[in-house]
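Heads up, the thing below is written out as structure tokens.
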Amino acid sequence: MENFLRDYMTMLKVERNLARNSLESYERDLQQYHQYLSSELKIKTIRNVTLGNIRSFVRRLNDRGLAANSIKRAVSSIRTYHNFLSAEGHMQDNPAQLLDTPKIPRKLPNVLTIQEIDKILGIIPENAPMAQRDLAIFEMMYSCGLRVTELCDFKTSDILWDSEMVRIQGKGSKQRFVPIGPIARENLKNYLNHERVLLADKNPNVAEVFLSRNGRKLTRMMIWILLKKWTESTGLKKEVSPHTLRHSFATHLLEGGADLRSVQEMLGHTDITTTQIYTHLDKEHLKEVHRTYHPRFN
């Protein structure tokens, strides 16, 4: 069975041009699936897998308390894997064709208020180690609405100073251009002219903008830890992740009157329905304003 999985992963890399994180998720899901088939169900060849076997694996994921989104992703991985096996002639029938996709309740994203954003951006002391870098990171994530992976991969050549834009390599290697505001620009320039010069001395050929103390590009986990550290310093009780800054970027734009299509383009969403979740959030904001300020609520 491992040979089939290896062929499938090669196809995803070469033909589908998926992002590294997506490839890792597919591989992890399918390795667990293979492990379950061989160890638990004692199935020796993928050709013998039935719809009942697949449903049994999905139930196991449920029993383990996996998040609904993770189960949905695993089901999608299994379905596309069996589509591949069927198309390549490795299976006569495709047992995953009738596999149901788990229903996931629509959940509004966690968003910070403008005051809470200001609190986080204002908590970093000027004399703190790597203060210029950390402030540039958070200002840029909030100013441009970046995914954390996009920030990690952001290179010095992606800064278009004259046009006040940045070039972003998004999901599936899709490129987009996003404006960068004056405050984020100033913080980025400050970091590039000072701290990054010292960090890059340890790794002169590094192209990425945001570096660790040893001169290597920051990882997603490092950025998450930095944000957690500074958020806790403010005393905020909310769960804040790098994606919270992206959610806040989109919500504050829409609250300020931005049109949905422009926000979609800046976020790099292929489908506008993904962006529309922020309009629901904006309605919640309007209701909150109404509750707070209308005389019949007081």
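Okay, so the sequence shown: first residue is 16 according to the numbering used here, each after it adds one. Glycine included, each C-beta is placed from N, C-alpha and C at the ideal position.
Just the C-alpha distance for Gly187 and Pro310, rounded to the nearest angstrom, thanks. 50 Å
Between Arg74, Lys243, Asp173 and Pro197, which lies nearest to Pro257 when the distance is taken from Cα to Cα? Lys243
So what does DSSP say about Phe192, is it helix, strand or coil? strand
Using CA coordinates, which residue listed in Gly230, Trp239, Val193 and Thr95 is at the minimum distance from Arg211? Gly230
Does Glu270 come out as helix, strand or coil in the three-state DSSP assignment? helix
Quick one, which of Thr95, Ser277, Thr307 and Arg306 has its alpha-carbon nearest Tyr293's? Ser277
Taking the alpha carbon of Ser37 as the reference point, which residue from Val126, Ser91 and Phe225 has its own alpha carbon closest? When each option's Cα is compared against that of Ser37, the closest is Ser91.
Per-residue DSSP class, three states only, for Arg182: strand
Along the chain, where does the alpha helix (DSSP H) that runs through Leu45 open and close? In this chain, the alpha helix (DSSP H) harbouring Leu45 covers Arg35 to Gln50.
Beta-carbon gap between Ala199 and Ser158 smaller than 8 Å: Yes; because the gap between Cβ atoms is below 8 Å, this pair is in contact.
In whole angstroms, what separates the C-alpha of Lys232 from that of Leu66? 44 Å
Roughly how many angstroms lie between the CA atoms of Leu175 and Ala265, to the nearest whole one? 22 Å
Smallest Cα separation from Asn109: which of Arg62, Ser54 and Ile135? Arg62
Check this for me: beta carbons of Asn98 and Ile86, under 8 Å apart or not? no
Along the chain, where does the alpha helix (DSSP H) that runs through Ser172 open and close? For Ser172, there is no enclosing alpha helix (DSSP H), as DSSP gives it neither H nor E.
Quick one: which unbroken alpha helix (DSSP H) runs of 4-plus residues sit fully inside the region 202-290? Chain order, please. Runs of the alpha helix (DSSP H) lying entirely within the region 202-290 and spanning at least 4 residues, in chain order: 210-215, 235-249, 257-270 and 275-282.
Touch test, the region 142-153 against the region 266-286, Cβ-Cβ under 8 Å, three pairs minimum: They do not touch, by the three-pair rule.
Through-space distance from Met106 to His49, alpha-carbon basis: 15 Å
Grouping DSSP H, G and I as helix and E and B as strand, with all else coil, what is Thr60? For Thr60, the secondary structure class from DSSP, reduced to helix, strand or coil, is coil.
Go through the region 80-123 residue by residue and report every complete run of the beta strand (DSSP E) that reaches 3 residues or more, in order. none
Nearest to Gln184 by alpha carbon, out of Leu268, Cys167 and Ser54? Cys167
Per-residue DSSP class, three states only, for Asn18: helix
Using three-state DSSP, classify Asn125 as helix, strand or coil. coil
Look up Asp177 in the DSSP assignment and say whether it is helix, strand or coil. coil
Alpha carbon to alpha carbon, how far is Ile129 from Lys217? Give it in angstroms, no decimals. 37 Å
Counting pairs of beta carbons, one from the region 40-56 and one from the region 132-142, are three or more of them closer than 8 Å? Cβ pair count under 8 Å is below three, so no.
So, Arg261 versus Arg162, is the Cβ gap smaller than 8 Å? Yes.
Return yes when the Cβ of Ala89 is within less than 8 Å of the Cβ of Asp44, no when it is not. Yes, the pair counts as a contact, with Cβ atoms nearer than the cut-off.
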